[in-house]
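Report on the following structure.
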Amino acid sequence: MKTFKYLVLSFFSVLLLACGGKEEKKKEGFSYEKKEETSKSVETKNSNEIVISGDDLMKFDKTEIKVKTGQKVKITLRHKGKLDVNVMGHNFVLLKQGVDLAGFAAKAAVAKENEYIPEKTKDVIAYTSLIGGGQTTTVEFDAPAVGTYDFLCSFPGHYGMMKGKFIVE
């Protein structure tokens, strides 16, 4: 019986040693470390060019953008994902103050023929074209009056996660 215990113990020891020495291969760009999420903001000082990126996980990389009133603003939207525009399209839409985000998104969701921007809407200050994975688009406009404005992606269902504040100082 004592020999059996030593045999079992030896077997498990060899098993543990055999499994423990291998290096685990990681996918490039992948990390097991937990990354801290912080409010990502960009403020334009001498530059009026802002780059904002969206991805296949329905997230913008910025949730806050700050500019100076009256300044010419150039927003470049990059889609860092791989999915097609019909599956995971993104745009950048800057709404006027006081516009109901959910109400606008509901109207936009049925405006497919106009890249999910309701026709003849007076709720929008500026917007980009709808783009798919790997694409880039740009819009230029004058910053509105001092205040806080909402921006979003108006592709159906995206506004819940793809939104932020556009702050004019």
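If you're matching positions, the sequence shown starts at 1 in UniProt numbering and goes up one per residue.
We put the CB at the ideal spot given by N, CA and C, even for glycine.
For clarity, every value in this text was computed on a predicted model and none was experimentally measured.
Around the CB of N91, 16 or more other CB atoms lie within 10 Å, so the residue is classed as buried. D56 and G81 do touch by the CB rule: their CB atoms are close to 3 Å apart, below 8 Å. In this structure, L152 sits away from K165, with a CB-CB distance that is not shorter than 8 Å. Inclusion of A126 and L83 in the CB contact set at 8 Å is not warranted, their separation being larger than that value.
Of the residues E64, I52, E49 and S53, the one whose Cα lies closest to the Cα of Y149 is E64.
Here DSSP, grouped into helix, strand and coil, assigns F60 to strand.
Rounded to the nearest whole angstrom, the C-alpha separation of V87 and A102 is 21 Å.
When DSSP assignments are scanned along the segment 87-132, the uninterrupted stretches of alpha helix (DSSP H) that are 4 or more residues long and fall wholly within it turn out to be 101-109. Collapsing the DSSP output to three states places V146 in coil.
Residue nearest to S53 within the set G157, G133 and V146 is G133 (criterion: CA-CA distance).
By the CB criterion at 8 Å, K68 and E169 fall inside the cutoff. Under DSSP, K68 shares a beta bridge with no residue.
Under the DSSP assignment, G160 falls outside any beta strand (DSSP E); it carries neither an H nor an E label. If you check the CB distance, I75 and T128 come in under 8 Å. Counting only the Cα atoms, K66 lies some 5 Å from I167.
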